[in-house]
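Trainee: Right, I'll just put the structure down here and ask away after.
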Amino acid sequence: MSTVAFITARGLFGRRRALLLLPLPVLLIGLAAICRAYGVSPDMWGQAVIVGLGLVVVLPVVALIVGTGVLGSEVDDGTIVHILTKPLPRYEIILAKYGVAALVTAVVAAVPLFITGVLAGSVKLGAALVVASVIGAFAYSALFLLFSLLSRRPVLVGLVYILVWEGLLGNFVSGTKNLAVGQYVITIADKIAPTAILESTIGLTTAIVMSALFIVLGTLAAVNRLSSFSVAGETS
Amino acid sequence: MTTQTLPAETPTTTGVVELSTVSRWYGNVVAVNDISMSLHPGVTGLLGPNGAGKTTVLHMMAGFLSPSKGTVTIDGKPTWRNPEIYRDLGLVTEREAVHGFLTARQFVTACAKMQKLPDPAAAAQRALELVEMTGAAERRIETFSKGMRQRTRVAAALVHEPRVLLLDEPFNGMDPRQRMHMMELLHRLGDNGHTILFSSHILEEVEQVAGLVQVIVAGRLAASGDYRKIRRLMTNRPHVFAVRSSDDRRLAVALIAEKSVAGIEIEANGLTVRASDYGSFTRVLPRIALDQGIRLRQVVPSDESLESVFSYLLEG
Numbered sequence: 001m002s003t004v005a006f007i008t009a010r011g012l013f014g015r016r017r018a019l020l021l022l023p024l025p026v027l028l029i030g031l032a033a034i035c036r037a038y039g040v041s042p043d044m045w046g047q048a049v050i051v052g053l054g055l056v057v058v059l060p061v062v063a064l065i066v067g068t069g070v071l072g073s074e075v076d077d078g079t080i081v082h083i084l085t086k087p088l089p090r091y092e093i094i095l096a097k098y099g100v101a102a103l104v105t106a107v108v109a110a111v112p113l114f115i116t117g118v119l120a121g122s123v124k125l126g127a128a129l130v131v132a133s134v135i136g137a138f139a140y141s142a143l144f145l146l147f148s149l150l151s152r153r154p155v156l157v158g159l160v161y162i163l164v165w166e167g168l169l170g171n172f173v174s175g176t177k178n179l180a181v182g183q184y185v186i187t188i189a190d191k192i193a194p195t196a197i198l199e200s201t202i203g204l205t206t207a208i209v210m211s212a213l214f215i216v217l218g219t220l221a222a223v224n225r226l227s228s229f230s231v232a233g234e235t236s
Numbered sequence: 001m002t003t004q005t006l007p008a009e010t011p012t013t014t015g016v017v018e019l020s021t022v023s024r025w026y027g028n029v030v031a032v033n034d035i036s037m038s039l040h041p042g043v044t045g046l047l048g049p050n051g052a053g054k055t056t057v058l059h060m061m062a063g064f065l066s067p068s069k070g071t072v073t074i075d076g077k078p079t080w081r082n083p084e085i086y087r088d089l090g091l092v093t094e095r096e097a098v099h100g101f102l103t104a105r106q107f108v109t110a111c112a113k114m115q116k117l118p119d120p121a122a123a124a125q126r127a128l129e130l131v132e133m134t135g136a137a138e139r140r141i142e143t144f145s146k147g148m149r150q151r152t153r154v155a156a157a158l159v160h161e162p163r164v165l166l167l168d169e170p171f172n173g174m175d176p177r178q179r180m181h182m183m184e185l186l187h188r189l190g191d192n193g194h195t196i197l198f199s200s201h202i203l204e205e206v207e208q209v210a211g212l213v214q215v216i217v218a219g220r221l222a223a224s225g226d227y228r229k230i231r232r233l234m235t236n237r238p239h240v241f242a243v244r245s246s247d248d249r250r251l252a253v254a255l256i257a258e259k260s261v262a263g264i265e266i267e268a269n270g271l272t273v274r275a276s277d278y279g280s281f282t283r284v285l286p287r288i289a290l291d292q293g294i295r296l297r298q299v300v301p302s303d304e305s306l307e308s309v310f311s312y313l314l315e316g
């Protein structure tokens, strides 16, 4: 593990905001378990819990908390300077932080989604959700890491992306679906394990190619941005 | 505005750190205006009032800001967008943010690893010894006092033994003992051939550590060179005193005959005396008052703020 990744991981789990990662996955599994315990048919709750809560809320929000936590908080409190004053190529720093963000997001989101998928249908559905949410974790993390370098309020920008772009506009303007990570995740899971719970709105190829584009372009833009990192706003 | 550049007692060869006609502006605000300077091995003080542009200059040297105009180089290599310079450069920022969840040793060792040093543990030990932090090295940084944090950050900046060390207001918030310790450390590093630049807005700090100074006022280089010469220039300027006494008019008459007094204004609430020589005036005033039987109620140097000293340098 690189030193940057080590410091990043220690910083992520050493902060109180790491606790924010717990409630959502617990809620997801809890709801599915309750429905299952009371014998409610998955047709009644599957879509609401898996898509409405799991893929639309848990996955992007976890990615937002982690993705902005690995870099945004260091930029915010100035500790990033200790990492930047080292002769490390900037891609090494970004890749270490990106790796930590994507892996942590993948684990925190995929495990409860797998359990929920199994409770709602089959192991196959659970596995499909794991694959889709891991890809989603990588795409979202690239985006939110970039937001940390583009804005001083990355959490706010990320929330606007999740709520307005993916949540609101996605329902009214069909074109935005091609530029929404959430849609790629649903599509990929649906194509692996077709059920009534998941309804894909775009093609599988589009979903895979666009996810790859988000990951590659987001990371490249973040590397470029970090190379020109300015300590701004101080004139004394 | 004229710049008083004094003949510096440094070699005329290219410096380790070079600023060549550097300006930096933020929108319409000019933070640094056409500054050129060379830094050589030894300790140099970057002196100037708050808001003069010291941090901006340091950030440009450290590769954290691009100059809007001009070039900033270390060993001939540009500092902007060039992480390679950090092999030869250490930076201690004014902001004291550190990864508080690490112990001092973990933090300094992590810095050594990121510098890709062959033996990070030994390098960290050496750096911690240099700043006398080995005793508390196993404690988490968040439990440290300000001075201990500062020393830990200096250890981290020195772990790879850089040729150039930049420190932004390193004495801020330190107690006198820590201050003395830091001054000794900078002296030692300067004597060992490191090129050290530290910024400060306090004359006395610079006086004690640096032989050479670069004075920045309002974004411009106001003076540059040997500290003593600049100091003389500063002390020889006219000084303004606000004086109140039991008989202002009689005191004014007696004072005007004095050589060290350049001018007097009689105002409703006392005298404003312009003295051409600080030392002689402050010696002669009590004697005259005593001779005349006048009781002095108040003698206040009214332009002793650093800003006025600096603006005098600019007027020159």
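Protein sequences appear in the order of chains A and B.
With full-length UniProt numbering, letter number 153 in the first sequence gets 153, and the count goes up by one each step, no holes.
With full-length UniProt numbering, letter number 306 in the second sequence gets 306, and the count goes up by one each step, no holes.
Cβ coordinates follow ideal geometry from the N, Cα and C atoms, glycine included.
(1) Near Leu65/B, what residues of its chain come up, given a Cβ to Cβ distance below 8 Å and the 5 sequence neighbours on each side ignored?
(2) Rounded to a whole number of angstroms, what is the C-alpha to C-alpha distance between Ile135/A and Gly11/A?
(3) In whole angstroms, give me the CA-to-CA distance for Gly6/A and Leu88/A.
(4) What are the residues that DSSP puts in a beta bridge with residue 358/B?
(5) So, with DSSP's three-state summary, where would you put Ile294/B?
(6) Residues bridged to Thr103/B by DSSP?
(7) Which one or two residues does DSSP pair with Leu167/B in a beta bridge?
(8) Measuring CB to CB, does Arg152/A end up less than 8 Å from Ser73/A?
(9) Of all Cβ atoms in chain B, is any one closer than 8 Å to the Cβ of Pro154/A?
(10) Can you grab the Cα-Cα spacing for the pair Val108/B / Met183/B, in whole Å?
(11) Should Phe198/B go down as buried or exposed, given a rule of 16 or more other Cβ atoms within 10 Å for buried?
(12) Does DSSP put Thr79/B in a helix, in a strand, or in coil?
(13) How about Leu119/A and Ala33/A: are their beta carbons less than 8 Å apart?
(14) Which same chain residues, not among the five before or five after Leu131/A, have their C-beta less than 8 Å away from its C-beta?
(15) Does Ser73/A come out as helix, strand or coil in the three-state DSSP assignment?
(16) Taking all protein chains shown into account, do 16 or more other C-beta atoms lie within 10 angstroms of the C-beta of Gln298/B, making it buried, or fewer, making it exposed?
(17) Gly72/A CB to nearest chain B CB: under 8 Å?
(18) Select from the segment 118-143 of chain B all residues with a C-beta closer than 8 Å to any C-beta belonging to chain A, and list them in chain order.
(19) Between Pro176/B, Gly51/B, Pro170/B, Leu39/B, which has its C-alpha nearest Gly219/B's C-alpha?
(20) Per the DSSP calculation, Met60/B is bridged to which residue(s)?
(21) So, at 7 Å on beta carbons, what are the nonlocal neighbours of Leu39/B in its own chain, with the 5 sequence-adjacent residues on each side left out?
(22) Is it right to say Lys146/B is buried, meaning 16 or more other beta carbons lie within 10 angstroms of its own, or is it exposed?
(23) Among Val108/A, Lys86/A, Lys97/A, which residue has its Cα nearest to the Cα of Val58/A?
(24) Could you compute how far the alpha carbon of Glu92/A sits from the alpha carbon of Ala137/B?
(25) Give a yes or no on contact between the segment 236-254 of chain B and the segment 67-78 of chain B, applying the rule of three or more CB pairs nearer than 8 Å.
(26) Helix, strand or coil for Gly52/A? Go by DSSP, reduced to three states.
(27) Only counting the same chain, and skipping five residues up and downstream in sequence, which positions put a Cβ closer than 6 Å to that of Ile162/A?
(28) Who does Phe241/B pair with in a DSSP beta bridge?
(29) How would you call Ala128/A, buried or exposed, if buried means at least 16 neighbouring beta carbons within 10 angstroms?
(30) If contact means a Cβ-Cβ distance below 8 Å, which residues of the segment 87-106 of chain B contact chain A?
(31) Check the Cβ of Lys113/B against every Cβ in chain A and list those closer than 8 Å, keeping chain order.
(32) Determine the extent of the alpha helix (DSSP H) in which Gly117/A is found, giving its start and end residues.
(33) Just the C-alpha distance for Glu169/B and Ala63/A, rounded to the nearest angstrom, thanks.
(34) Could you compute how far the alpha carbon of Ile126/B sits from the alpha carbon of Leu271/B?
(35) Grab me the residues of Pro238/B's own chain with a C-beta within less than 6 Å of its C-beta, minus the 5 sequence neighbours each way, in chain order.
(36) Is Thr3/B helix, strand or coil when you go by DSSP?
Mentor: With the structure as the only source:
(1) Only Arg24, Thr56, His59, Trp80 meet the Cβ criterion.
(2) Answer to the nearest angstrom: the Cα atoms are 24 Å apart.
(3) The identity of residue 6/A in the sequence shown is Phe, whereas the question assumes Gly. A direct Cα-to-Cα measurement between Phe6/A and Leu88/A gives close to 15 Å.
(4) Summary: the structure shown does not reach residue 358/B, with chain B confined to residues 1 through 316, and so no result is reported for it.
(5) If DSSP states are grouped into helix, strand and coil, Ile294/B belongs with coil.
(6) For Thr103/B, DSSP records a beta bridge to Arg140/B.
(7) In the DSSP assignment, Leu167/B is bridged to Val92/B, Phe198/B.
(8) Against a cut-off of 8 Å, the Cβ pair of Ser73/A and Arg152/A comes out as no contact.
(9) Output row for Pro154/A: interface = no.
(10) Pairing Val108/B with Met183/B, the inter-Cα distance amounts to about 21 Å.
(11) That one is buried.
(12) Collapsing the DSSP output to three states places Thr79/B in coil.
(13) Between Leu119/A and Ala33/A, the CB-CB gap stays under 8 Å.
(14) The displayed chain sequence assigns Val, not Leu, to residue 131/A. Around Val131/A: Ile188, Ala189, Ile192.
(15) If DSSP states are grouped into helix, strand and coil, Ser73/A belongs with the helices.
(16) Counting Cβ neighbours within 10 Å, Gln298/B comes out exposed, since fewer than 16 surround it.
(17) Output row for Gly72/A: interface = no.
(18) Listed by position along the chain: nothing, the set is empty.
(19) By alpha-carbon distance to Gly219/B, the top candidate from Pro176/B, Gly51/B, Pro170/B, Leu39/B is Gly51/B.
(20) None, per the DSSP bridge assignment.
(21) Setting aside the 5 residues that flank it on each side, Leu39/B is surrounded in the same chain by Gly15, Val16, Val17, Thr195, Leu197, each with a C-beta closer than 7 Å to its C-beta; the list follows chain order.
(22) Burial call: exposed.
(23) Of Val108/A, Lys86/A, Lys97/A, the residue nearest in Cα terms is Val108/A.
(24) In this structure, the alpha-carbon of Glu92/A lies about 28 Å from that of Ala137/B.
(25) Contact check between the segment 236-254 of chain B and the segment 67-78 of chain B: fewer than three CB pairs, one atom from each, fall below 8 Å, which does not count as touching.
(26) Three-state result, Gly52/A: helix.
(27) Short of 6 Å from the beta carbon of Ile162/A, and not among the five residues preceding or following it, lie these beta carbons of its own chain, in chain order: Pro60.
(28) Phe241/B is bridged to Val273/B, Pro301/B.
(29) By the 16-neighbour rule on beta-carbons within 10 angstroms, Ala128/A is buried.
(30) Under the 8 Å Cβ criterion, the segment 87-106 of chain B contributes Arg87, Leu89, Gly90, Leu91, Thr93, Arg95, Ala97, Val98, His99, Phe101, Leu102.
(31) Within chain A, the residues near Lys113/B are Thr3.
(32) Note, Gly117/A: alpha helix (DSSP H), 90-120.
(33) Rounded to the nearest angstrom, the two C-alpha atoms are 38 Å apart.
(34) Reading off the sequence shown, one finds Arg at residue 126/B, where the question assumed Ile. So the two alpha carbons sit approximately 59 Å from each other.
(35) Excluding residues within five positions, the ones whose Cβ falls inside 6 Å are Ala262, Arg274, Ser276.
(36) Its pLDDT being 48, under 50, Thr3/B is placed unreliably in this model, and the value from its coordinates should be taken loosely. Coil, per DSSP.
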